[in-house]
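Contents: one structure, followed by commentary.
Numbering (the numbering used here), first residue to last: 98 to 493.
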């Protein structure tokens, strides 16, 4: 089986889809006869490409222009490599494989992942029918895809709304690396931050309104009544920083909140392990939605219980009452109650963290997810049937 992976998001850039493409490319390469990757040219890409045992064709131009620049690159590569299956990390680049199949007969099949935002986002102005035309192009390209692999039931529902039938939708969730994200000693980090004995809440994510960090800030005064020494760490950067700082000040919580900025990726397991509870109560703000939430799996893999909101694909990332807790979005009261219940019950925290770690280690890890995706690429109907018999995530 010869595979082609086309992705706008790939290291050295960082982010959720970059992680998805990177982790799966290495797993697919180990199973396929050959794998070729098409990705944008980026500063520092040479060292990344030299570290993998498969060729990466870098296409000049901004990542968001790959749907256009790939129209020339993918047919040329298809003629030479003759891939049986083209796997697209986003629908926007599907047109390149459609054109390649028309011109060369390859790939035989086109499979596409679905994450969330890309199915709702329309970049064109609402003038001269531009937005409507973009939506028609999207629907048209979606009809050319042989199978979709949405990362959550929510994302599968977005595909359904766009006219993709259930027979072509197979939910395969995100995964994590339980060897990289594992419980480590967080005591040294706590000492470095001067928080050795403090109850500790943590959020890791981009500082945008969708992440719901403002909800946690508004819930914090109530949490502090039950856990007087509580501290809240916020790791990440983004345009919402000033507004969040103002909210913390307005609630007299500045001495309990630390905005850490960008935390080095290598240090994330230490932060997850040091925290008592990871919290990210994201809300839906279309087109910005949480299609899944990789950070919940990362925290769970480090043995830390999580709190998320019932929005987007988060209910697929967090098993309510088993690996963490789910609360309504934009509800400081419900969030305060959930956070307090965990901070004041060490046994419950330990149980949720243990279940979360087990789930990441045995089920939602990239090795298992890569295996499931590979089987969908080569024999999707058989895989769907096997998953239905075993009770796994199948069609949405």
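Using N, Cα and C, we set each Cβ at its ideal position, and we do this for glycine too.
Asked, Found
"Span separating the alpha-carbon of residue 131 from that of residue 103", "14 Å"
"Rounded distance between the beta-carbons of residue 432 and residue 312, thought under 8 Å", "6 Å"
"Endpoints, the alpha helix (DSSP H) within which residue 375 is located", "Note, residue 375: premise wrong, no alpha helix (DSSP H); beta strand (DSSP E) at 374-377."
"Candidates 272, 326, 390 and 442, of which the one nearest residue 353 by Cα", "326"
"Three-state secondary structure (DSSP) of residue 309", "coil"
"Buried versus exposed call for residue 302 [16 or more other C-beta atoms within 10 Å across all chains shown]", "buried"
"Local Cβ density within 10 Å of residue 202, reported as buried at 16 or more and exposed below that", "exposed"
"Integer Cβ distance of residue 420 from residue 456, believed to fall under 8 Å", "6 Å"
"Within 8 Å, strictly: CB atoms of residue 308 and residue 377", "yes"
"Cβ pair residue 269, residue 242 closer than 8 Å", "no"
"Reference residue 177; option with closest CA among 165, 161, 163 and 197", "197"
"Candidates 411, 405, 447 and 444, of which the one nearest residue 434 by Cα", "405"
"Test item: CB-CB of residue 271 and residue 163 under 8 Å", "no"
"Unbroken stretches of the beta strand (DSSP E), 3 residues or longer, contained in the region 399-486", "403-406 and 421-424"
"Beta-carbon spacing of residue 436, residue 292 below 8 Å", "no"
"Boundaries (first-last residue) of the alpha helix (DSSP H) holding residue 176", "163-178"
"3-residue-minimum beta strand (DSSP E) runs that sit fully inside the region 239-311, ordered along the chain", "244-247 and 297-301"
"Residue span of the beta strand (DSSP E) that contains residue 358, given as start and end", "354-358"
"Sufficient close CB pairs (3 or more, under 8 Å) joining the region 147-167 to the region 99-113", "yes"
"Residues that residue 141 bridges to, as DSSP identifies them", "Bridge partners of residue 141: none, in fact."
"Extent of the continuous alpha helix (DSSP H) run through residue 115", "113-128"
"Anticipated Cβ contact below 8 Å, residue 208 with residue 244, distance rounded", "5 Å"
"Residues near residue 246 by beta carbon distance below 8 Å, same chain, minus five either side", "208, 209, 210, 211, 267, 268, 269, 470 and 473"
"Strand pairing of residue 72, partner residues [DSSP]", "This structure gives no information on residue 72, because the portion of the chain shown stretches from 98 to 493."
"For residue 185, the residue or residues it bridges with in DSSP", "103 and 209"
"Option nearest residue 366 by Cα separation, candidates 331, 275, 295 and 113", "275"
"Coil, strand or helix - residue 347 by DSSP", "helix"
"Range covered by the beta strand (DSSP E) that runs through residue 195", "Run containing residue 195: none in the beta strand (DSSP E); it sits in the alpha helix (DSSP H), 191-201."
"The region 253-266 contacting the region 223-240, beta-carbon criterion three pairs below 8 Å", "yes"
"For residue 156: DSSP bridge partner residues", "137"
"Where residue 339 sits in the DSSP three-state scheme", "helix"
"Rounded C-alpha distance that separates residue 485 from residue 337", "Model confidence at residue 485 stands at a pLDDT of 36, short of 50, so the residue's coordinates are unreliable; what they give is reported in the following sentence. When rounded, the distance between both Cα atoms is 42 Å."
"CA-to-CA distance, residue 205 to residue 154, given in whole angstroms", "20 Å"
"When 441, 129, 193 and 300 are compared against residue 379, the one with the closest alpha-carbon", "300"
"Under 8 Å between C-beta atoms of residue 156 and residue 170", "yes"
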